[in-house]
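This is the structure:
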C-alpha cells in the first residue's frame, strides 16, 4: 500500500530562493536512488489573497514537500540512509522543518492517458 509523507518547511530569512534548487539538485536525486520510491513534489502555497478568494484557510507554511513510497518500511530505510543524511542536512541550512505528517493512500485517481 502506498504511503505519503508531507513535510512542511519554512525558509530561513533570505533563503527562500534556495529551496527549489535544493529540491531539484539534492533531495529529488537522492530520493530516486531509494528502493520503493514513487514520486516527490515541492509545492508552494497560494498567496493569502488567493486562499481567501477560493474560500480556503491560509496555509500554515509556505512550502510543502510530498514524497511517496511503496511502504513505510522503505521510507524509514531512506531516513536511515547516507543519502537522507546528506539531503536533509542540506535543507536544514536553508529552512526550518515545521512538521511532517504520514499518510496511507487509501484510494487514488489519475487522469486517463491519451
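Numbering (the working numbering), first residue to last: -12 to 101. Each residue gets a CB set at the ideal place from its N, CA and C atoms; glycine is no exception. Computed from a prediction, not measured in an experiment: that's the story for all the values here.
Three-way DSSP call (helix, strand, coil) for residue i in this model
i	result
residue 50	strand
residue 107	Nothing can be reported for residue 107: it is not among the residues displayed for the chain, which extend from -12 to 101.
residue -10	strand
residue 60	helix
residue 76	helix
residue 21	coil
residue 36	helix
residue 15	helix
CA-to-CA distance, residue j to residue i, given in whole angstroms
i	j	result
residue 66	residue 42	36 angstroms
residue 91	residue 59	9 angstroms
residue 85	residue 20	26 angstroms
residue -10	residue 98	20 angstroms
Contact belief for residue i with residue j at Cβ below 8 angstroms, rounded distance in angstroms
i	j	result
residue 83	residue -7	Wrong, their Cβ atoms sit about 16 angstroms apart, outside the cutoff.
Selected residue, minimal CA-CA separation from residue i, among the options
i	options	result
residue 45	53, 52, -12, 35	35
residue 76	14, -5, 53, 56	14
residue 8	92, 85, 78	78
residue 55	25, 4, 100	25
residue 22	96, 61, 99, 80	61
residue 4	96, 97, 16, 81	81
residue 53	39, 37, 68, 18	18
- Query: Is the stretch 31 to 47 in contact with the stretch 66 to 75, if contact means three or more CB pairs nearer than 8 angstroms?
  - Reply: no
Counting Cβ pairs closer than 8 angstroms, one from the stretch 46 to 57 and one from the stretch -3 to 17, do we hit at least three? yes
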